[in-house]
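Read the structure below first, then the notes.
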Amino acid sequence: MTDFIVHYEGGLACRTAHPDSGAVLVTHASRELGGSGEGFSPSDLLSVSLGGCVLSIMAMAGRVAGLELAGATATVTKEMGNAPRRITTLAVTVRVPGMFDAAQRRRLEAAAQACPVHAVLGIDAPIRIVWED
Numbered sequence: 011m012t013d014f015i016v017h018y019e020g021g022l023a024c025r026t027a028h029p030d031s032g033a034v035l036v037t038h039a040s041r042e043l044g045g046s047g048e049g050f051s052p053s054d055l056l057s058v059s060l061g062g063c064v065l066s067i068m069a070m071a072g073r074v075a076g077l078e079l080a081g082a083t084a085t086v087t088k089e090m091g092n093a094p095r096r097i098t099t100l101a102v103t104v105r106v107p108g109m110f111d112a113a114q115r116r117r118l119e120a121a122a123q124a125c126p127v128h129a130v131l132g133i134d135a136p137i138r139i140v141w142e143d
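Here it is as structure tokens:
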């Protein structure tokens with residue numbers, strides 16, 4: 011298990027440091043919500059996580075099969091809704107350069123569907139929020 015401690019910095023911005031590498035990530039609310047829009051919003055990062063996960067899992071499956079996926083892209087389209095404010099649609103378009111036979115393509119498509127980020131987005135109420143004093 012890995013804990014990520016997210017600090018609210020004010021101005022609708024949050025900062026967290028990766029516990030192993032120390033890499034710092036800052037999120038900003040979008041301008042439409044009164045934030046600065048200076049960087050990725052939390053919902054943007056969810057979209058990026060989905061695209062990165064799909065490509066990473068596909069690359070792992072490709073490596074086992076001797077397939078190189080360098081240059082592959084995942085374009086994630088995020089649509090937001092209101093009442094309540096939420097992501098209503100995440101659509102992922104994957105492009106992989108090269109020629110693959112039907113079996114190789116099925117392997118890569120199955121890997122994309124097995125992405126853990128994709129899996130968690132499909133279950134009811136996967137997030138528990140606990141308040142501490």
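Note that this note's numbering numbers the sequence shown so that position 45 is 55, with each residue one more than the last. A virtual CB, placed ideally from N, CA and C, is assigned to each residue, including glycine.
For Met90, the enclosing beta strand (DSSP E) starts and ends at 83-91.
A straight-line Cα-Cα distance of about 31 Å links Thr85 and Gly20.
A buried status is given to Met68, since no fewer than 16 other beta-carbon atoms sit within 10 Å of its beta-carbon. Inclusion of Ser53 and Ile15 in the CB contact set at 8 Å is not warranted, their separation being larger than that value.
Spatial neighbours of Thr87 in its own chain (CB-CB distance under 6 Å, excluding positions within 5 residues in sequence) are listed in chain order as Ala101. Residue state for Arg95 is assigned as coil, using DSSP reduced to three classes. For Val36, the uninterrupted beta strand (DSSP E) segment begins and ends at 34-38. Using a 10 angstroms sphere on the CB of Gly108, the tally of other CB atoms stays under 16, which defines it as exposed. For Glu19, the enclosing beta strand (DSSP E) covers residues 16-20.
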